[in-house]
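Engineer: Taken in order, these protein sequences are the chains called A and B.
Position one of the first sequence corresponds to residue 328 (our numbering), numbered consecutively onward.
Position one of the second sequence corresponds to residue 328 (our numbering), numbered consecutively onward.
The beta carbon of each residue, even a glycine, is placed where N, CA and C say it ideally should be.
Quick one: structure below, then a few questions.
2 protein chains.
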Amino acid sequence: MRSHTYYESMGAARIMAQIIDGKALAKEIKDELKTKIQSYINLGNRAPSLRCIIVGEDPASHTYVRNKIQAAIDVGIDATTLKYDATLSEDELIAAINSLNTDNNVDGILVQLPLPGKMDERKVCNTVAPEKDVDGFHITNVGQLCLDMPTFVPATALAVVEILKRYKIDTFGRNAVVVGRSKNVGMPIAMMLHSDGKHDSKLGMDATVTVCHRYTPAEQLEFFCRNADIIITATGVPKLIKATMIKPGATIIDVGITRITDEQGKTKLVGDVDYEEVSKIAGAITPVPGGVGPMTVAMLMHNTLQAAQRLARKN
Amino acid sequence: MRSHTYYESMGAARIMAQIIDGKALAKEIKDELKTKIQSYINLGNRAPSLRCIIVGEDPASHTYVRNKIQAAIDVGIDATTLKYDATLSEDELIAAINSLNTDNNVDGILVQLPLPGKMDERKVCNTVAPEKDVDGFHITNVGQLCLDMPTFVPATALAVVEILKRYKIDTFGRNAVVVGRSKNVGMPIAMMLHSDGKHDSKLGMDATVTVCHRYTPAEQLEFFCRNADIIITATGVPKLIKATMIKPGATIIDVGITRITDEQGKTKLVGDVDYEEVSKIAGAITPVPGGVGPMTVAMLMHNTLQAAQRLARKN
Numbered sequence: 328m329r330s331h332t333y334y335e336s337m338g339a340a341r342i343m344a345q346i347i348d349g350k351a352l353a354k355e356i357k358d359e360l361k362t363k364i365q366s367y368i369n370l371g372n373r374a375p376s377l378r379c380i381i382v383g384e385d386p387a388s389h390t391y392v393r394n395k396i397q398a399a400i401d402v403g404i405d406a407t408t409l410k411y412d413a414t415l416s417e418d419e420l421i422a423a424i425n426s427l428n429t430d431n432n433v434d435g436i437l438v439q440l441p442l443p444g445k446m447d448e449r450k451v452c453n454t455v456a457p458e459k460d461v462d463g464f465h466i467t468n469v470g471q472l473c474l475d476m477p478t479f480v481p482a483t484a485l486a487v488v489e490i491l492k493r494y495k496i497d498t499f500g501r502n503a504v505v506v507g508r509s510k511n512v513g514m515p516i517a518m519m520l521h522s523d524g525k526h527d528s529k530l531g532m533d534a535t536v537t538v539c540h541r542y543t544p545a546e547q548l549e550f551f552c553r554n555a556d557i558i559i560t561a562t563g564v565p566k567l568i569k570a571t572m573i574k575p576g577a578t579i580i581d582v583g584i585t586r587i588t589d590e591q592g593k594t595k596l597v598g599d600v601d602y603e604e605v606s607k608i609a610g611a612i613t614p615v616p617g618g619v620g621p622m623t624v625a626m627l628m629h630n631t632l633q634a635a636q637r638l639a640r641k642n
Numbered sequence: 328m329r330s331h332t333y334y335e336s337m338g339a340a341r342i343m344a345q346i347i348d349g350k351a352l353a354k355e356i357k358d359e360l361k362t363k364i365q366s367y368i369n370l371g372n373r374a375p376s377l378r379c380i381i382v383g384e385d386p387a388s389h390t391y392v393r394n395k396i397q398a399a400i401d402v403g404i405d406a407t408t409l410k411y412d413a414t415l416s417e418d419e420l421i422a423a424i425n426s427l428n429t430d431n432n433v434d435g436i437l438v439q440l441p442l443p444g445k446m447d448e449r450k451v452c453n454t455v456a457p458e459k460d461v462d463g464f465h466i467t468n469v470g471q472l473c474l475d476m477p478t479f480v481p482a483t484a485l486a487v488v489e490i491l492k493r494y495k496i497d498t499f500g501r502n503a504v505v506v507g508r509s510k511n512v513g514m515p516i517a518m519m520l521h522s523d524g525k526h527d528s529k530l531g532m533d534a535t536v537t538v539c540h541r542y543t544p545a546e547q548l549e550f551f552c553r554n555a556d557i558i559i560t561a562t563g564v565p566k567l568i569k570a571t572m573i574k575p576g577a578t579i580i581d582v583g584i585t586r587i588t589d590e591q592g593k594t595k596l597v598g599d600v601d602y603e604e605v606s607k608i609a610g611a612i613t614p615v616p617g618g619v620g621p622m623t624v625a626m627l628m629h630n631t632l633q634a635a636q637r638l639a640r641k642n
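Written out as structure tokens, the structure is:
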């Protein structure tokens, strides 16, 4: 595949960026997982299993969960949804999770966020047994990630890493900017990007990393972005990243996803990047939709197979 | 105290940086702790207690432990050292830690690193009960730190934060560079510097943070440092940070400490910063020795009082 160093050799010529096809890449990964899962079952194991808990009626959350379940079934994972009314108490939710924690037929547990009402999401995330926490939200898994130990990496962060790897984007000693410091996305991405590639997790990418966020002054955001070989943005602010902020040939990974209404009154999904203009300058770019999103679901399936394999080895 | 914004108002005039007196600041903090501990005891509590485990005969480690014990005794902490031969097995060490974990007369446990031989330091650090882990090395405490939750912060990282606070160095929306990505120093400092000040830990400083390390090209290190309002360096590479790399008025916190032999054949301790030259450009600077070092010991005492208070509330 074409890398951004290739682009640089083209000088100032305006060529369109390589479009990172997250949908195709996700299909590739799911096909690989399907084969691996079939082999795993052929060795005498039961199919990896995933349980998704959803509380309340948020339509977007239900769509996300349906997509995850469908992807799981496609690759051969035994996946079901546990649906609860928004009236469910926190104690009842915790009891439901504990029951899945001790169920030897369950490998992966996922609690769809956000939770309704005044539930303590941190407490709920910490209730999921760390070895079944395929979302990587348990405090122990966060600690392991930050110490470069093997763990479950939150699927969106892992999707970004996997895109960089599969598209052979060089990160070693390169400048990366992460825009957004959320604990599920920006933080783990920045952690893996700057970490030592020789450490146990093998996810370290040895880049020089700048974390920008809502309090980074606009001119400083531009300063850091213009010097970046890789920009990863996860803010939910449409058109935050403009063509004038991009170093020619840079790789742009857009994790943002916002529903907007266009001039014709139609709603559509957009990312954080002014895609039309930035794609004329960048070396490679993810579209929204069809970039990081489908990859996130694929990486959740990857985590579920990991959970099954680790639990099988333990038992 | 004079801030670097004051310096900027001086224009290009060359004035010497404010020297951050870590020794005096540490004394100030220890005096405050002494008063707090006396009040705590006056309320009917026993004195906070700290147990330092040291294995083997490394002279530097013994010096560090002696300094910690002395500081603890000075502030009214009941502190003792448990010394073991280098022949101690990992299982015996773990048994010793477990015995302290369950001892209601022990609030803080510290295992001096490095451990000799082939001991698994990660396993040992994870054996210390998280609520007694005054070094903040347990995976749960690392996870909490990275999620901006109240926790024990590694003392050196906390020392840096405390210096910035006490010297009223503005961090909000400022550019900070952290040089070095170690898990006990650079990583937690970068985490607190970039995090949201509104989160539970109240340690977030809302700076834009760039993490540089051994694979950051020299010219890029210079690029980021020259744009930084705050530089925190923790590499152990003498004179890595030179005057040409400093923005006039910047704050320089030097965590590095290296023993070198000078031209006269005398050994002395130096930091990462070319102190003599950089102090002509910087707004504020920590010397080595006498900067971060004494503050680290003071913050360990702070953590020990915290441990005692939290455990007292629980019992």
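1) What number of angstroms, rounded off, separates the C-alpha of residue 437/A from the C-alpha of residue 401/B?
2) Under 8 Å, Cβ to Cβ, is there at least one residue of chain B near residue 630/A?
3) Measuring straight from C-alpha to C-alpha, what distance separates residue 590/A and residue 504/A?
4) I'd like to know whether the C-beta of residue 500/A is nearer than 8 Å to at least one C-beta of chain B.
5) Threshold first: 3 residues or longer. Then list the beta strand (DSSP E) segments lying entirely within the segment 493–574 of chain A, N to C.
6) Return the first residue and the last residue of the alpha helix (DSSP H) that residue 387/B is part of.
7) Between the segment 461–474 of chain A and chain B, which residues of the former have CB atoms less than 7 Å from a CB of the latter, in chain order?
8) Let me know the secondary structure DSSP gives residue 451/A once reduced to three states.
9) For the alpha helix (DSSP H) containing residue 635/A, name the first residue and the last one.
10) I'd like the span of the beta strand (DSSP E) that includes residue 274/A, first residue to last.
11) Looking only at C-alpha atoms, which of 477/A, 531/A, 481/A sits nearest to residue 509/B?
12) What are the boundary residues of the beta strand (DSSP E) that residue 362/A is part of?
13) Which value, in whole angstroms, describes the spacing of the CA atoms of residue 418/A and residue 641/A?
14) Tell me whether residue 584/B sits in a helix, a strand or coil according to DSSP, three-state version.
15) Please state whether the Cβ-Cβ distance between residue 595/B and residue 584/B is less than 8 Å.
16) Identify, in the order they occur along the chain, each residue of the same chain with its Cβ nearer than 6 Å to the Cβ of residue 334/B, setting aside the five sequence neighbours on each side.
17) Measure the alpha-carbon distance for residue 615/A versus residue 528/B and round it to whole angstroms.
18) Which chain A residues are close to residue 646/B, counting only those with a beta carbon under 7 Å from its beta carbon?
19) Can you tell me the Cα-Cα spacing of residue 459/A and residue 406/A, whole angstroms?
20) Going by DSSP in three states, residue 459/B sits in which element: helix, strand or coil?
21) Can you find a C-beta in chain B that's less than 8 Å from the C-beta of residue 538/A?
22) Which of helix, strand or coil does DSSP assign to residue 405/B?
23) Nearest to residue 524/A by CA position, among 377/A, 492/A, 555/A, is which residue?
24) State the start and end residues of the unbroken beta strand (DSSP E) segment that holds residue 610/A.
25) Which residues mark the beginning and the end of the alpha helix (DSSP H) in which residue 469/A is found?
26) Which one of 429/A, 346/A, 439/A, 369/A has the shortest CA to CA distance from residue 391/A?
27) Could you give the DSSP three-state label for residue 440/A: helix, strand or coil?
28) Keeping to the same chain, check which residues put their C-beta closer than 6 Å to that of residue 329/B; ignore five residues upstream and five downstream.
29) Could you pull out every residue in the same chain whose Cβ sits closer than 7 Å to the Cβ of residue 365/B, ignoring the five residues on either side in sequence?
30) For residue 412/B, is the classification buried or exposed, using 16 other Cβ atoms within 10 angstroms of its Cβ as the cut-off for buried?
31) I'd like to know if residue 542/B contacts chain A, where contact means its C-beta is closer than 8 Å to some C-beta of that chain.
32) Of the residues 521/B, 545/B, 446/B, which one's Cα is nearest the Cα of residue 537/B?
33) Judging by CA-CA distance, which residue of 479/B, 506/B, 353/B, 408/B is the nearest neighbour of residue 560/B?
Structural biologist: So, from the listed chains and residues:
1) 50 Å
2) no
3) 32 Å
4) yes
5) 502–506, 535–539, 557–560
6) 386–402
7) 466, 467, 469, 470, 471, 473, 474
8) helix
9) 619–641
10) As shown, chain A starts at 328 and ends at 642. That puts residue 274/A outside it, with no answer to give.
11) 531/A
12) Counting along the chain, residue 362/A falls outside any beta strand (DSSP E), though it belongs to the alpha helix (DSSP H) covering 349–369.
13) 29 Å
14) coil
15) no
16) Bear in mind that the predicted position of residue 334/B carries a pLDDT of just 46, short of 50, making it unreliable; the figure below should be weighed with that in mind. Excluding residues within five positions, the ones whose Cβ falls inside 6 Å are 576, 610.
17) 34 Å
18) For chain B, the structure presents residues 328 to 642; residue 646/B sits outside this window and is missing.
19) 14 Å
20) helix
21) yes
22) strand
23) 492/A
24) Residue 610/A -> no beta strand (DSSP E), and no H or E assigned at all.
25) 466–473
26) 439/A
27) coil
28) Unreliable placement is indicated for residue 329/B, whose pLDDT of 44 sits below 50; the coordinate value is still reported in the next sentence. So the list reads 345, once near-sequence residues are dropped.
29) 403
30) exposed
31) yes
32) 521/B
33) 506/B
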